[in-house]
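To start, the structure under review is shown below, and the notes come after it.
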């Protein structure tokens, strides 16, 4: 998730090595459904989306966040001068469209009957599939505390992505590299 400092990051799935008590969980308070991070020293809390570390007190503003997995590869999130507001369920934003546009991102022009009906159906189906897929995977937590400007000099920053459900029952296997590039992180 994510827009204060822009850094180059390498996202990979990593194998979780053991379960060491890195954080003093008895002294950590995590908000909004966050759980104490006992795997690494930082951040102190693992936060469910759309909330962000360190203590899950605030939500990322998905109105200003690229989400390539949802086809949002450039801003603005809401097209055709739609108004974007933060939401606490997937896709973590809502678009209020001008009267001549509709769709989850205001991408469909009203009055183009064939296109509108087809596009609306396609959009609804895609959003439903994404929500279903995300609920099956459980909550993925991106640990990105070192991605702030000035915290590290040179090189790429590793961002660990842990599948919470897998961490509790078995060790996840090392997976392939997801992506490299620039991203906006808190």
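In mature numbering (1 follows the signal peptide of the UniProt record, and there is no 0), the protein residues as written are -22 to -1, 1 to 164. All residues carry an ideal CB built from backbone N, CA and C; glycine is no exception.
Buried versus exposed, by CB contacts within 10 Å (16 or more), residue i
i	result
residue 61	exposed
residue 46	exposed
residue 34	buried
residue 80	buried
Top-ranked residue by Cα proximity to residue i, from the options
i	options	result
residue 42	35, 52, 34 and 33	52
residue 64	2, 21 and 28	28
residue 25	36, 19 and 12	12
residue 58	83, 4, 16 and 15	83
residue 67	6, 10 and 76	10
residue 48	73, 69 and 8	69
Endpoints, the beta strand (DSSP E) within which residue i is located
i	result
residue 64	61 to 64
residue 74	71 to 74
DSSP beta-bridge partners of residue i
i	result
residue 87	79
residue 38	Its beta-bridge partners do not exist; DSSP assigns none.
residue 13	24
residue 29	37
Cβ shell of residue i (< 8 Å), same chain only, five flanking positions each side left out
i	result
residue 71	40, 41, 55, 56, 62, 63, 64 and 65
residue 76	58, 59, 60 and 84
residue 14	1, 3, 6, 8, 22, 23 and 24
residue 36	29 and 30
Own chain, CB closer than 6 Å to residue i, minus 5 neighbours either side, in chain order
i	result
residue 78	88
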